[in-house]
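Going line by line, the protein sequences match chains A and B.
Counting the first sequence from 1 gives a position; our numbering is that position plus 78.
Counting the second sequence from 1 gives a position; our numbering is that position plus 78.
Yeah, the Cβ is synthetic: ideal placement off N, Cα and C, and Gly gets one too.
Being a predicted model, the structure only gives us computed values, none of them experimental.
Have a look at the structure below before the remarks.
Number of protein chains: 2
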Amino acid sequence: MTDSNPNASLPAPSIPGDALPPVEQHAQQYATVRNAHETELIEDYVELIGDLLAHRGEARAADIANRMAVSQATVSKMIRRLNELELVTSKPYRSLFLTEAGQKMAETSRARHDIVLHFLRALGVRDATARIDAEGMEHHVSDETLAIMQRFTEQQQKS
Amino acid sequence: MTDSNPNASLPAPSIPGDALPPVEQHAQQYATVRNAHETELIEDYVELIGDLLAHRGEARAADIANRMAVSQATVSKMIRRLNELELVTSKPYRSLFLTEAGQKMAETSRARHDIVLHFLRALGVRDATARIDAEGMEHHVSDETLAIMQRFTEQQQKS
DNA sequence: CAATATTGTTAGCCAAGGCTAAACTGTTTG
DNA sequence: CAAACAGTTTAGCCTTGGCTAACAATATTG
Ligand SMILES: [Mn+2]
Ligand SMILES: [Mn+2]
Ligand SMILES: [Mn+2]
Ligand SMILES: [Mn+2]
Numbered sequence: 079m080t081d082s083n084p085n086a087s088l089p090a091p092s093i094p095g096d097a098l099p100p101v102e103q104h105a106q107q108y109a110t111v112r113n114a115h116e117t118e119l120i121e122d123y124v125e126l127i128g129d130l131l132a133h134r135g136e137a138r139a140a141d142i143a144n145r146m147a148v149s150q151a152t153v154s155k156m157i158r159r160l161n162e163l164e165l166v167t168s169k170p171y172r173s174l175f176l177t178e179a180g181q182k183m184a185e186t187s188r189a190r191h192d193i194v195l196h197f198l199r200a201l202g203v204r205d206a207t208a209r210i211d212a213e214g215m216e217h218h219v220s221d222e223t224l225a226i227m228q229r230f231t232e233q234q235q236k237s
Numbered sequence: 079m080t081d082s083n084p085n086a087s088l089p090a091p092s093i094p095g096d097a098l099p100p101v102e103q104h105a106q107q108y109a110t111v112r113n114a115h116e117t118e119l120i121e122d123y124v125e126l127i128g129d130l131l132a133h134r135g136e137a138r139a140a141d142i143a144n145r146m147a148v149s150q151a152t153v154s155k156m157i158r159r160l161n162e163l164e165l166v167t168s169k170p171y172r173s174l175f176l177t178e179a180g181q182k183m184a185e186t187s188r189a190r191h192d193i194v195l196h197f198l199r200a201l202g203v204r205d206a207t208a209r210i211d212a213e214g215m216e217h218h219v220s221d222e223t224l225a226i227m228q229r230f231t232e233q234q235q236k237s
């Protein structure tokens with residue numbers, strides 16, 4: 079479990095900027111990222127479906143495919159998964175709806191996404207860039223950081 | 079390519095917080111994230127190998143497995159891929175080295191990672207949290223945002 | 001220097017998330 | 001109302017990134 083370092087007496091090659099974190103902490107970093115990637119896409123689907131329902135009144139597979147730039151087959155397969163996870167309900171060839179759990183996830187995801195987006199804009203990032211960065215960053219921001227981002231944005235607006 | 083909205087005369091359901099972005103822009107958001115996810119793991123491996131070489135003098139598969147909390151088989155398979163991509167050179171049962179291209183990628187990734195990490199700390203995020211968040215966020219931060227983060231950190235340090 | 005422990009590789013499995021092509025359903029329109 | 005069109009599903013393929021189990025090579029140590 080510890081690093082193999084059979085020859086610690088070798089000269090330290092070049093000055094290391096920062097030391098490596100302890101193995102357990104380092105491992106936690108990567109594990110958390112892998113974890114986030116497991117739910118990331120699910121969250122984006124559910125969030126998008128929620129937005130389509132709110133703004134358009136319905137969520138069709140074709141709209142999702144267009145907005146995600148993905149084939150309709152891919153969306154169809156994903157919808158089956160969302161159904162199995164009981165996040166959406168759907169009848170064949172019909173529009174989609176969110177379950178209770180789905181609505182909750184959509185709301186949470188949307189809120190987090192907005193905090194990150196507004197934070198980036200408050201930082202001075204151009205809108206188009208902020209939107210792109212937020213889409214990826216949102217899934218990797220802890221609650222702690224999220225709270226700090228929100229505070230920062232509010233402060234910015236008061237000035 | 080446009081949204082299907084066969085009944086635009088329906089009453090807009092609830093007040094939408096923010097409008098949906100235009101389809102093309104929205105699609106770009108998701109496409110950029112998918113793109114980042116293709117190179118993310120490669121970058122983390124190369125960066126870690128570079129760090130191990132710098133701080134430990136050698137990069138062994140077992141160290142990578144421990145630090146990433148992943149099986150040795152997974153690492154071994156990945157190393158074959160990195161070899162094919164000509165990012166590392168390796169002889170069976172021996173330590174790893176980075177090619178020219180690999181060193182360049184390691185340097186770039188490390189620099190980006192550090193900017194994000196230092197930014198989060200400057201924002202007031204606790205170190206352990208900042209490290210975890212940075213590991214995921216680094217792959218989703220545009221050059222524009224990166225530059226702004228760097229400036230912010232420098233400003234912070236001057237006060 | 002032989003036995004043991006550690007490290008690395010290979011084979012074979014699995015799930016996720018893409019794709020295309022083909023078939024099917026539902027809607028619009030001549 | 002039949003035909004054409006648009007939307008949806010299914011089947012089958014591929015790559016990535018995990019895993020375990022079995023085996024092979026190297027390193028350590030009694
Ligand atoms: Mn997202
Ligand atoms: Mn990500
Ligand atoms: Mn990194
Ligand atoms: Mn990373």
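B:V194 sits close to B:A212, with the two beta carbons spaced by under 8 Å. When Cβ pairs closer than 8 Å are counted between the two stretches, the segment 127-147 of chain A is seen to touch the segment 160-180 of chain A, the count reaching three or more.
Measuring C-alpha to C-alpha distances from A:V101 to each of B:G128, B:L160, B:M146 and B:T117 identifies B:M146 as the nearest. Flagged as an interface residue toward chain B: A:L201, by a C-beta distance shorter than 8 Å. Looking at the backbone, the Cα of B:E121 and that of B:A184 are separated by about 7 Å. Every alpha helix (DSSP H) stretch that sits fully inside the segment 86-165 of chain A and reaches 4 residues is listed by chain position as 101-134, 139-146 and 150-162.
Ranking B:T223, B:V219 and B:Q228 by CA distance to the CA of B:R199 puts B:Q228 first. Taking a contact as a CB-CB distance under 8 Å, the pair A:T231 and A:H196 counts as one, their CB atoms being some 5 Å apart.
With respect to A:H191, A:E222 sits apart: the two C-beta atoms are not nearer than 8 Å. Apart from sequence neighbours up to five positions away, the residues of its chain that approach B:V166 with a beta-carbon distance below 8 Å are V124, I127, I157, L160, L174, F175, L176, T177 and G180, ordered along the chain. Among the residues of the segment 120-151 of chain A, those with a Cβ less than 9 Å away from any Cβ of chain B are D122, L126, D129, L130, L131, A132, H133, R134, G135, E136, R138, A140, D141, N144, R145, M146, A147 and V148, in the order of the chain. Of B:S187, B:T110, B:R204 and B:K182, the smallest CA-CA separation from A:S220 is found for B:R204.
Contacts with chain B (Cβ-Cβ distance below 9 Å) from the segment 174-202 of chain A involve R188, D192, L195, L198, L201 and G202, listed in chain order.
Within the same chain, and ignoring the five residues on either side of A:Q150 in sequence, the residues whose Cβ sits closer than 8 Å to its Cβ are A139, A140 and A143. Taking a Cβ-Cβ cut-off of 7 Å, the neighbours of B:L98 in chain A comprise D129 and H133, given in sequence order. Any Cβ of chain B closer than 8 Å to the Cβ of A:M215 would place that residue at the interface, and such an atom is present. Beta-bridge partners assigned by DSSP to B:F175: B:T167. When the Cα atoms are used, B:H104 and B:T186 turn out to be separated by approximately 28 Å.
In this structure, B:D129 places its C-beta atom within 8 Å of the C-beta atom of A:L98. Looking from the CA of B:Y108, the closest CA among A:A109, A:K182, A:E118 and A:Q106 belongs to A:E118. Distance from the C-beta of A:V194 to the nearest heavy atom of ligand 1 is not below 7 Å. B:E216: not part of any alpha helix (DSSP H); DSSP gives it neither H nor E.
Interface flag for A:V101 against chain B is set, since a Cβ pair is found closer than 8 Å. The nearest non-hydrogen atom of ligand 2 is 7 Å or more from the C-beta of B:H191. Excluding five sequence positions before and after B:R209, the CB atoms of its chain that fall closer than 8 Å to its own CB belong to L195, given in chain order. Around B:V166, no beta-carbon contact reaches into chain A at under 8 Å, the shortest distance being about 17 Å.
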